[in-house]
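Student:
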Amino acid sequence: MKRQKSFSDTGARLLLIPSPIGNLSEVSGRIREAVEACDVIACEDTRNTGKLLSLLQIRKPLISHHEHNQSSSIPRILEELTAGHTVGVMSDAGYPVISDPGQNLVRAVIEQDIPVISFSGPNAALNALVASGLDARHYLFYGFTDSKSSRRRKELEQLKNLPWTLVFYEAPHRIAQCLADMEEVLGNRQACLARELTKKFEEYLRGTLQELRQAAEDGLKGEMVLVVAGHEPEEADEAAACRQVKELMAQGMKPKAAAKQVAKETGLSANGLYQLILKEQD
Ligand code: SAM
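Below you can see the structure in the form of structure tokens.
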């Protein structure tokens, strides 16, 4: 086990600093404090972060750090940290690491036993989820699906039996095809498309995947998050799963193990299936 220092300590540390997803007023006092504490800031796009910092009237040296230069930018950032400097990481919008660069850097810094500290701030996925009206007790953040329809469908196949609300990021030029693929693979579920969050033309479209697809075909612009209801096991699914459990039991498998195996295949609850089998046996 490793324990690390908190933000109040000075010296070498990596600060993960979220940026606004559209509305500048969402820069909190603590985010400003974090930016001010940095000796240098590693960012996805130095022009965009530079613009944000100049609006905040803060000047800091910037290092470019993105997916395509990380083999050179990570060692450069580690050098800064080894020299005892505080390095901030910022992306163009929202949290670094979340569908944005930073994951490998965070791992490399943890490996060096250098503190990594996060700050609360805007995140498009959570904004959309909480306003979607869909079940937010359990959810799965997926981010972007593949841009190719055939590969996207394969990804959706893996998600289709999960009982949790699904949260996706998508680009406006791909949203209509993405919704069509979802409608086909996941079925016509309830969903919410949240676009231009925190901006002037913020809008939530709540309805079925089919209704959202039709709206997307008519044209939807801006940045968007798609929240889709999880798979709701129907009674028919449960009855079929119970039959599968019984077949496995007939082949000699113990009821709990059989329920567990079928649960894994169907996405239903193992305990729920086991209880149904017990009830039937009574
Ligand atoms: N790191 C960011 C975060 O924490 O939310 C996400 C970055 S990802 C590269 C960009 C995607 O986030 C966009 O394509 C869109 O799906 C979503 N997004 C970002 N800002 C948004 C906004 N204001 N409204 C809706 N979606 C947004």
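What the sequence shown shows, in the numbering used here, is residues 138 to 419, in sequence order. For glycine and all other residues, C-beta sits at the position ideal for the given N, C-alpha and C. These numbers come from a predicted model, not from an experiment.
ASP237: beta carbon under 6 Å from a heavy atom of ligand 1?
Tutor: Translated into positions along the sequence shown, residue 237 becomes position 100. Yes, ligand 1 has a heavy atom inside 6 Å of this Cβ.
Student: Could you please give me the residues that DSSP links to GLY231 through a beta bridge?
Tutor: Here residue 231 refers to the residue found at position 94 of the sequence shown. Partner(s): SER156.
Student: For ASN160, collect the residues of the same chain with a Cβ closer than 7 Å to its Cβ; drop the 5 residues on either side in sequence, then sort them by chain order.
Tutor: Stepping through the sequence shown from its first residue, residue 160 is reached at position 23. So the list reads THR335 and LYS336, once near-sequence residues are dropped.
Student: So is the beta-carbon of ALA261 under 6 Å away from any non-hydrogen atom of ligand 1?
Tutor: The residue given as residue 261 occupies position 124 in the sequence shown. Under cutoff, so the answer is yes.
Student: Could you tell me the alpha carbon to alpha carbon distance between GLN351 and GLN314, rounded to whole angstroms?
Tutor: On the sequence shown, position 214 is the one that residue 351 refers to. On the sequence shown, position 177 is the one that residue 314 refers to. Whole-angstrom Cα-Cα distance: 11 Å.
Student: So, helix, strand or coil for MET390, using DSSP?
Tutor: Start at 1 with the first residue of the sequence shown, and residue 390 comes out as number 253. Correct three-state label for MET390: coil.
Student: Is the region 225-234 close to the region 148-155, with three or more CB pairs under 8 Å?
Tutor: Contact between the region 225-234 and the region 148-155 is present, because at least three Cβ pairs lie under 8 Å.
Student: Relative to the C-alpha of ALA262, which candidate in ALA377, GLN240 and LEU303 has its C-alpha closest?
Tutor: Within the sequence shown, the letter at position 125 stands for residue 262. Selected option, being the one with the closest Cα: LEU303.
Student: Go ahead and pull the three-state DSSP assignment for ILE251.
Tutor: For the purposes of this step, residue 251 is taken as residue 114 along the sequence shown, with counting starting at 1. Reduced to three states, the DSSP call for ILE251 is coil.
Student: May I have the straight-line CA-CA distance separating GLY404 from GLU360, to the nearest angstrom?
Tutor: Reading the sequence shown from its first residue, position 267 is the one you call residue 404. Reading the sequence shown from its first residue, position 223 is the one you call residue 360. If you take the alpha carbons of GLY404 and GLU360, they lie about 31 Å apart.
Student: For LYS197 versus ILE168, is the C-beta spacing smaller than 7 Å?
Tutor: Position 60 of the sequence shown, counting from 1, holds the residue named residue 197. Position 31 of the sequence shown, counting from 1, holds the residue named residue 168. Result no, Cβ atoms of LYS197 and ILE168 do not sit closer than 7 Å.
Student: Could you tell me the alpha carbon to alpha carbon distance between ASP419 and TYR411, rounded to whole angstroms?
Tutor: Position 282 of the sequence shown, counted from the start, is the residue given in the question as residue 419. Position 274 of the sequence shown, counted from the start, is the residue given in the question as residue 411. C-alpha separation (whole angstroms): 12 Å.
Student: Given a cut-off of 7 Å on the beta-carbon distance, is the pair ILE181 and HIS203 in contact?
Tutor: Translated into positions along the sequence shown, residue 181 becomes position 44. Translated into positions along the sequence shown, residue 203 becomes position 66. What sits at residue 181 in the sequence shown is Glu, not Ile. Taking 7 Å as the Cβ cut-off, GLU181 and HIS203 qualify as a contacting pair.
Student: Hey, is LEU334 close to ligand 1, as in C-beta under 6 Å from one of its heavy atoms?
Tutor: For this step, residue 334 is matched to residue 197 along the sequence shown. True, at least one ligand heavy atom lies under 6 Å from that Cβ.
Student: State the CB to CB distance for the pair GLU320 and LEU363, rounded to an integer number of angstroms; the pair is presumed to be in contact (CB under 8 Å).
Tutor: As a position in the sequence shown, residue 320 is number 183, starting the count at 1. As a position in the sequence shown, residue 363 is number 226, starting the count at 1. At roughly 12 Å, the Cβ-Cβ gap does not stay under 8 Å, so GLU320 and LEU363 are not in contact.
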